[in-house]
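A short write-up of the structure that comes next.
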Amino acid sequence: MIIGMALVPGLDISNKPRPQQGKTLNISYYWQGTSAKVVEQNVTSRIEGLVSSVRGVESVSSVSNFGSGNVTVQLKKNASVSGVKFEIASLLRQVREKLPKEVTYPELSGGEIVTERGRDRDARILSYRIKAAMPDIEIKKLAERTIRHDVEKIKGVGRVEVSGGTEKYMEISYNAGQMALYGLSSYDVEDAIRNYLGRQDIIGEIIKTDKRGADERISLFLSVEGEKKLLESIPVKNINGKIIYLNNLAKCEYKDRDPDKYFRINGLNTVYMNVMAEGGVNINSVAAEVKKEIERSQTVGSKLSYELTYDKANEQFSDFKTFVFRSVMSLLILLLFVVVCKRDFRYLFIIVATLLANILIAVICYRLFDICLQPFSMAGITVSLGLIIDSTIVMVDQYSYHRNFKAYFGVVGATLTTVGALLIIFWLPDYIKTDLYDFSWIIIINLVVALLVSALFAPALVDRMNYCSRQSGRPRYIRFVMAWNKIYGRYLRFTQNRLVRPVLLAVTACAFGWSLYLFIDTLDSNTYQPEPEEMKLHIRGQMPLGGTAKQLNDKVQTIEAFLSQYKEIKRYETDIEGWGSEITVEFNPEHLNTSFPYMLENKVIGKLITIGGADWSTWGVSQRGFSNSLDLQYRSSNIEIAGYEYDRLYRFAEDMCKHLRQNNRVQDITIETPGHERQEDEYYMEYNKDILTNDSISIIDIYRSLSTMLVEHEMGRKKENGQKMDYVLRPEEYGKFDLWQLENSFIKAGGRDIRLADLMSINKREAKNCIPRENQEYVLRVAFNVLGSYTYTCKYIKGITEGFNAKFPIGFRCINKTDGSYEDNGAQYWLIGLVVIIIFFICTILFESLYKALIIIMLIPVSLTGMFLTFHFSSIEFGTGGFAAMVFLCGLTVNNGIYMINEYKNECRYIKAYNHKIIPISLTVFSTILGFIPFLLEGPTERFWFSFAVGSISGLLFSMISVVFTMPLFLKLYKPRGQSKPI
24 MIIGMALVPG LDISNKPRPQ QGKTLNISYY WQGTSAKVVE QNVTSRIEGL
74 VSSVRGVESV SSVSNFGSGN VTVQLKKNAS VSGVKFEIAS LLRQVREKLP
124 KEVTYPELSG GEIVTERGRD RDARILSYRI KAAMPDIEIK KLAERTIRHD
174 VEKIKGVGRV EVSGGTEKYM EISYNAGQMA LYGLSSYDVE DAIRNYLGRQ
224 DIIGEIIKTD KRGADERISL FLSVEGEKKL LESIPVKNIN GKIIYLNNLA
274 KCEYKDRDPD KYFRINGLNT VYMNVMAEGG VNINSVAAEV KKEIERSQTV
324 GSKLSYELTY DKANEQFSDF KTFVFRSVMS LLILLLFVVV CKRDFRYLFI
374 IVATLLANIL IAVICYRLFD ICLQPFSMAG ITVSLGLIID STIVMVDQYS
424 YHRNFKAYFG VVGATLTTVG ALLIIFWLPD YIKTDLYDFS WIIIINLVVA
474 LLVSALFAPA LVDRMNYCSR QSGRPRYIRF VMAWNKIYGR YLRFTQNRLV
524 RPVLLAVTAC AFGWSLYLFI DTLDSNTYQP EPEEMKLHIR GQMPLGGTAK
574 QLNDKVQTIE AFLSQYKEIK RYETDIEGWG SEITVEFNPE HLNTSFPYML
624 ENKVIGKLIT IGGADWSTWG VSQRGFSNSL DLQYRSSNIE IAGYEYDRLY
674 RFAEDMCKHL RQNNRVQDIT IETPGHERQE DEYYMEYNKD ILTNDSISII
724 DIYRSLSTML VEHEMGRKKE NGQKMDYVLR PEEYGKFDLW QLENSFIKAG
774 GRDIRLADLM SINKREAKNC IPRENQEYVL RVAFNVLGSY TYTCKYIKGI
824 TEGFNAKFPI GFRCINKTDG SYEDNGAQYW LIGLVVIIIF FICTILFESL
874 YKALIIIMLI PVSLTGMFLT FHFSSIEFGT GGFAAMVFLC GLTVNNGIYM
924 INEYKNECRY IKAYNHKIIP ISLTVFSTIL GFIPFLLEGP TERFWFSFAV
974 GSISGLLFSM ISVVFTMPLF LKLYKPRGQS KPI
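All letters in the sequence shown, in the order written, are residues 24 to 1006 by the working numbering.
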């Protein structure tokens, strides 16, 4: 116990289950300026074919983008990550020579420790608002030079982002028409500016022979240092002996760069530092280290002050505190129950001391087996408290009354049956096993420790305190006991009647069948449903193509000003990047379950309607949300279609859309590319090659002229006055030249004026800059909303997928990819049969009788009858918690029968065995029930724990009925020589 107490501070405490090694590898590569189709044909398909043949690979998916590609490899459950990764790396080295030279070397990554659900990688855990007596841009630069690097060195920190402030840059703007008069293009100016800034180029290769006589290619690298003269005075080109300087063509001026990213909390536009944690780390310990580093930096005279605005660790650790509170409450309820039942403080001291010994010895096992204490583990401790007290009560009552260990075999059998029932959790599907893995291990460890403590420590403590449970004098309630024994004895004789027994057994079987029928009728199609996240209002905005973050920011600030007037809002975060934005609104806990979130959503929708120039959508509060754009409509259900030919695949997707429209409940139907729901539009030019040939105009000349008029160039950075500054070259017409001007204006190309509309047609189309594939199949998604319950949606989608899979030709198939859906074929329910078999063999060994073991098994259906009826008539969601209760009951309900038959075996008279064990059995049952009461306090909002507690309590109550009234139906309670008195 002393060792356990010393090890308590070193326990691994976390807010989530411990992560497991990832089974996903990623291969990325780049091919600058190449279309997605070319990348897919020349690189992606080759790499996919290679890795698909590697042993241990379960699936391969890829995405080919404009200028890049990525292949994702999913490994099998038992595959060696390091071995497969090494083999794939070897294959990539071999295939590199066969890929185009412009393709970068394929980079292999992944296989690290990640969380099971994969959503916590690089998750933001802390946000600080940085303040100082200086401009925002200076605050940002100082923070990046100091505190950012210190925080990034902390183990477990993925990256640190510092946002805010407006940077300056040098804009070099030129008049494209004037440059055309000189016969210059933007490339001439760009080349001159790069020489001014300094450049490094590869200008060729030479062949060098080494000492062994082998030829080796060496690249020639030309480095040009930047010039010290003024930017405006640099020469651009010598034309007929006249030097053209930059100030003849362009003007240079400092400007504030429009940010391409904004981040604000509660609408405060200042400098923020966001700390991201790596996947799978304990965010509580990482956050604590970051806070220490922040405090240390402030104590050493830093000019910056930090205000904590977001702490994910503190918010998530509240779940752990809730389970600690439940454990303490459960312990107090159990101890109060012991006091009320026994009213003996020596007995209470024995129970408390034994319970303390169990917990401290279990702590040693937690450290030996490296168990992580997280919310589900704490729930396991809470549940096991009642089971530990059960073993202690049975053993203390037996030893203090008889001074022998005959009840210990019953305790061993009861413990082994519970452990055997919990073992099947390790064969459950992953999406169920993840939550119950640590929960089961904690209970198993605590029960095994309880066996040792009840055998060695509890009897020694009873002897030390000279405690005896025998009552001196006339027992209390003797009249009630004698009257009940008389009634119960008549019932026992009644059950032994050859005509009555089959009728009672038939009634019991019918009751079980009826309850099972009602239960199946109300059971959801999926055992598992994901835990709902806390209600938050999400407001998303998107600008049309070509819009900027600054333009969108002006509109978002209007919404922030509207939200700032409501005190019921806890916090709202704004994140703007590119041409999209999202505002996440969190509510105060006291207003979370009121009508305010729905009222606020309606008012926000009314405000969004008045803000034009952008597409808006909301979700997270009401079921359907809002959207004023088809592209932004949130769709909760979808079906993915995979096939080897893209054109036929798209036709099948259209057929599915037509079928879905026949159901009036199905709304907002669309066809999407998975992961790339909204691809950009582009304008493409279709040249008339005959006219170009007749007029002797080169396409390259047209392209160079258009680039001079429409394209801006990032020239690089140069240090001025101690600060690095970007240089940007852009035409004065940049952003002002529209489609009508492009088609109708004359431009200079090849030394002559031309009108583009005479040479080509300019049309609009969706840019196919992304081609996804899974297992070398193309994938499309049919997304939609279904107006109905979750159960109806699952059944409807399942019927659609099965119907179309039956019609599809070979090589095409559809998959249900609805959010939160899992392939649930009911395989976990067959594992209940495995529990029954395990219990049967344990009881057979314990009693050395197949018949008695079968009697114990017959108690399980009666207890399950109570659970089935409870879930049916209460309409409580069954879910994973109900399934866990079913497994748990299979191990618990047989314990009462084991205690009773073990005592009957020792006493040889059933009524006497009943009188000896009914009180300990009742105490164990009700102590276990009381241990579940804290899980009922939160109500149905705690979906898993509420259904788990309700199912366990109802089953345990019916287990008393099974051991008192049902078990005698299966026993032969008469001696063979015609005795009529039950024994």
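We put the beta carbon where it would ideally sit given N, CA and C, even for glycine.
For this session: Report buried or exposed for I374, applying the criterion of at least 16 other Cβ atoms within 10 angstroms of its Cβ.
Result: Residue 374 sits at position 351 when you count from the first residue of the sequence shown. With 16 or more other Cβ atoms from the protein chains shown falling within 10 Å of its own Cβ, I374 counts as buried.
Exercise. Taking DSSP as the reference, what is the three-state secondary structure of H895?
Worked result: For the purposes of this step, residue 895 is taken as residue 872 along the sequence shown, with counting starting at 1. Secondary structure of H895 (DSSP, three-state): helix.
For this session: Keeping to the same chain, check which residues put their C-beta closer than 7 Å to that of M352; ignore five residues upstream and five downstream.
Result: Within the sequence shown, residue 352 is the residue found at index 329, counting from 1. So the list reads P957, once near-sequence residues are dropped.
Problem set entry | Distance between beta carbons of Y589 and L623, contact taken as under 8 Å | On the sequence shown, position 600 is the one that residue 623 refers to. On the sequence shown, position 566 is the one that residue 589 refers to. Indeed, because the Cβ distance is near 7 Å, the residues count as touching under 8 Å.
Problem set entry | Under 9 Å between C-beta atoms of V917 and L882 | Residue numbering aside, residue 917 sits at position 894 when the sequence shown is read from its first letter. Residue numbering aside, residue 882 sits at position 859 when the sequence shown is read from its first letter. Cβ distance < 9 Å, so V917 and L882 count as in contact.
Exercise. Would you call the CB atoms of I412 and V361 closer than 9 Å?
Worked result: Sequence index remark: in the sequence shown, residue 412 carries index 389 (1-based). Sequence index remark: in the sequence shown, residue 361 carries index 338 (1-based). At a Cβ-Cβ threshold of 9 Å, I412 and V361 count as neighbours.
For this session: Can you grab the Cα-Cα spacing for the pair S719 / D283, in whole Å?
Result: Here residue 719 is taken as the residue at index 696 of the sequence shown, counted from 1. Here residue 283 is taken as the residue at index 260 of the sequence shown, counted from 1. Between S719 and D283, the C-alpha separation is close to 43 Å.
Exercise. Counting Cβ pairs closer than 8 Å, one from the segment 716-736 and one from the segment 807-822, do we hit at least three?
Worked result: Judged by Cβ distances under 8 Å, the segment 716-736 makes no contact with the segment 807-822, as fewer than three pairs qualify.
For this session: Since I believe I725 is in contact with A772 (beta carbons under 8 Å), could you give me their beta-carbon distance rounded to a whole number of angstroms?
Result: To locate residue 772, count along the sequence shown from 1; it is residue 749. To locate residue 725, count along the sequence shown from 1; it is residue 702. Their Cβ separation, rounded to whole angstroms, is 5 Å, which keeps A772 and I725 in contact under 8 Å.
Exercise. By how many angstroms is the C-alpha of S68 removed from the C-alpha of P123?
Worked result: Start at 1 with the first residue of the sequence shown, and residue 123 comes out as number 100. Start at 1 with the first residue of the sequence shown, and residue 68 comes out as number 45. Answer to the nearest angstrom: the Cα atoms are 13 Å apart.
Exercise. So, is E663 buried or exposed, given that buried needs 16 or more other C-beta atoms within 10 angstroms?
Worked result: Sequence index remark: in the sequence shown, residue 663 carries index 640 (1-based). E663 is buried by the Cβ-count criterion.
Exercise. For R563, which residues does DSSP report across the bridge?
Worked result: Position 540 of the sequence shown holds residue 563. Beta-bridge pairing links R563 to E605, S640.
Exercise. Three or more beta-carbon pairs under 8 Å between the segment 380-396 and the segment 363-370, yes or no?
Worked result: no
For this session: Would you tell me roughly how many angstroms separate the C-alpha atoms of E250 and L207, rounded to the nearest one?
Result: Sequence index remark: in the sequence shown, residue 250 carries index 227 (1-based). Sequence index remark: in the sequence shown, residue 207 carries index 184 (1-based). Because E250 sits at a pLDDT of 48, beneath the cut-off of 50, its placement in the model cannot be relied upon, and the point is left open.
Exercise. Hey, would you say K429 sits closer than 9 Å to N919, going by beta carbons?
Worked result: Reading the sequence shown from its first residue, position 406 is the one you call residue 429. Reading the sequence shown from its first residue, position 896 is the one you call residue 919. Here K429 is not near N919, since their CB atoms are 9 Å or more apart.
Exercise. Applying the criterion that 16 or more other CB atoms from any shown protein chain within 10 Å of the CB defines a buried residue, is Q565 buried or exposed?
Worked result: Residue numbering aside, residue 565 sits at position 542 when the sequence shown is read from its first letter. Taking a 10 Å sphere around the C-beta of Q565, we find 16 or more other C-beta atoms and assign the residue as buried.
Exercise. If you scan the segment 157-227 from start to end, which runs of the alpha helix (DSSP H) of 4 or more residues do you find wholly inside it?
Worked result: 159-168, 170-175, 199-205, 209-220
Exercise. What are the boundary residues of the beta strand (DSSP E) that S587 is part of?
Worked result: For the purposes of this step, residue 587 is taken as residue 564 along the sequence shown, with counting starting at 1. S587 -> no beta strand (DSSP E), and no H or E assigned at all.
Exercise. Near E301, which residues of its chain fall below 6 Å by C-beta distance, leaving aside the five closest residues on each side in sequence?
Worked result: Translated into positions along the sequence shown, residue 301 becomes position 278. Around E301: G179, G181.
For this session: Excluding the 5 residues preceding and the 5 following E596 in the sequence, name in chain order all residues of the same chain whose CB lies nearer than 6 Å to its CB.
Result: For the purposes of this step, residue 596 is taken as the residue at position 573 of the sequence shown. If we look at E596 and ignore the five residues flanking it on each side, its Cβ neighbours are I288, T607.
For this session: Starting from I717, trace the alpha helix (DSSP H) both ways and give me its first and last residue.
Result: Numbered from 1 along the sequence shown, position 694 holds the residue referred to as residue 717. The residue asked about is misnamed: residue 717 is Asn in this sequence, not Ile. 712-718 is the extent of the alpha helix (DSSP H) around N717.
For this session: May I ask which residues mark the beginning and end of the beta strand (DSSP E) holding I288?
Result: Translated into the one-based positions of the sequence shown, residue 288 becomes position 265. Segment 284-288, the beta strand (DSSP E) holding I288.
Exercise. Nearest to K821 by CA position, among H939, L683, S886, is which residue?
Worked result: If you number the sequence shown from 1, residue 821 lands on position 798. For the set H939, L683, S886, the Cα lying nearest the Cα of K821 is the one of L683.
For this session: Can you tell me which of the three DSSP states M558 falls into?
Result: Taking the first residue of the sequence shown as position 1, residue 558 is located at position 535. In this structure, M558 counts as coil in the three-state DSSP scheme.
For this session: Measure the C-alpha to C-alpha separation of L191 and K344 and round it to an integer number of angstroms.
Result: As a working note, residue 191 is residue 168 in the sequence shown. As a working note, residue 344 is residue 321 in the sequence shown. The question names Leu, but residue 191 in the sequence shown is Lys. One C-alpha to the other measures close to 48 Å.
For this session: Using 10 angstroms around the beta-carbon of C817, count the other beta-carbons present and answer buried if the total reaches 16, otherwise exposed.
Result: Walking along the sequence shown from the start, residue 817 turns up at place 794. Classification of C817: buried, given that the 10 Å Cβ count is 16 or more.
Problem set entry | Environment of H939 [buried if 16+ CB atoms lie within 10 Å] | Taking the sequence shown and counting its residues from 1, the one referred to as residue 939 is at position 916. H939 comes out buried.
For this session: Helix, strand or coil for Q685, going by three-state DSSP, please let me know.
Result: Position 662 of the sequence shown, counted from the first residue, corresponds to residue 685. Three-state result, Q685: coil.
Exercise. Taking buried to mean at least 16 other C-beta atoms within 10 Å of its own C-beta, is F864 buried or exposed?
Worked result: For the purposes of this step, residue 864 is taken as the residue at position 841 of the sequence shown. Exposed is the call here.
For this session: Quick one: give me the first and last residue of the beta strand (DSSP E) that M296 is part of.
Result: Taking the sequence shown and counting its residues from 1, the one referred to as residue 296 is at position 273. Run containing M296: 294-300, per the beta strand (DSSP E) assignment.
Problem set entry | C866 versus A444: straight-line alpha-carbon distance, rounded | Numbered from 1 along the sequence shown, position 843 holds the residue referred to as residue 866. Numbered from 1 along the sequence shown, position 421 holds the residue referred to as residue 444. Taking the Cα positions, C866 is about 13 Å away from A444.
Exercise. So I777 is in the beta strand (DSSP E); what residue range does that whole segment cover?
Worked result: The count along the sequence shown starts at 1 and reaches residue 777 at position 754. Element bounds for I777: 775-778.
Exercise. Should C913 go down as buried or exposed, given a rule of 16 or more other Cβ atoms within 10 Å for buried?
Worked result: Taking the first residue of the sequence shown as 1, we reach residue 913 at position 890. Label assigned to C913: buried.
Exercise. By Cβ distance, which residues of its chain are closer than 8 Å to L979, with the 5 residues on each side in sequence left out?
Worked result: Translated into the one-based positions of the sequence shown, residue 979 becomes position 956. For L979, where only same-chain residues beyond five positions count, the Cβ hits under 8 Å are S886, L912, L915, T916, V948, T951, I952.
Exercise. Taking the alpha-carbon positions, what's the G27 to N469 distance?
Worked result: Within the sequence shown, the letter at position 4 stands for residue 27. Within the sequence shown, the letter at position 446 stands for residue 469. Taking the straight line from one Cα to the other gives about 13 Å.
Exercise. When the distance is taken between beta carbons, is F462 closer than 9 Å to S400?
Worked result: Reading the sequence shown from its first residue, position 377 is the one you call residue 400. Reading the sequence shown from its first residue, position 439 is the one you call residue 462. Result yes, Cβ atoms of S400 and F462 sit closer than 9 Å.
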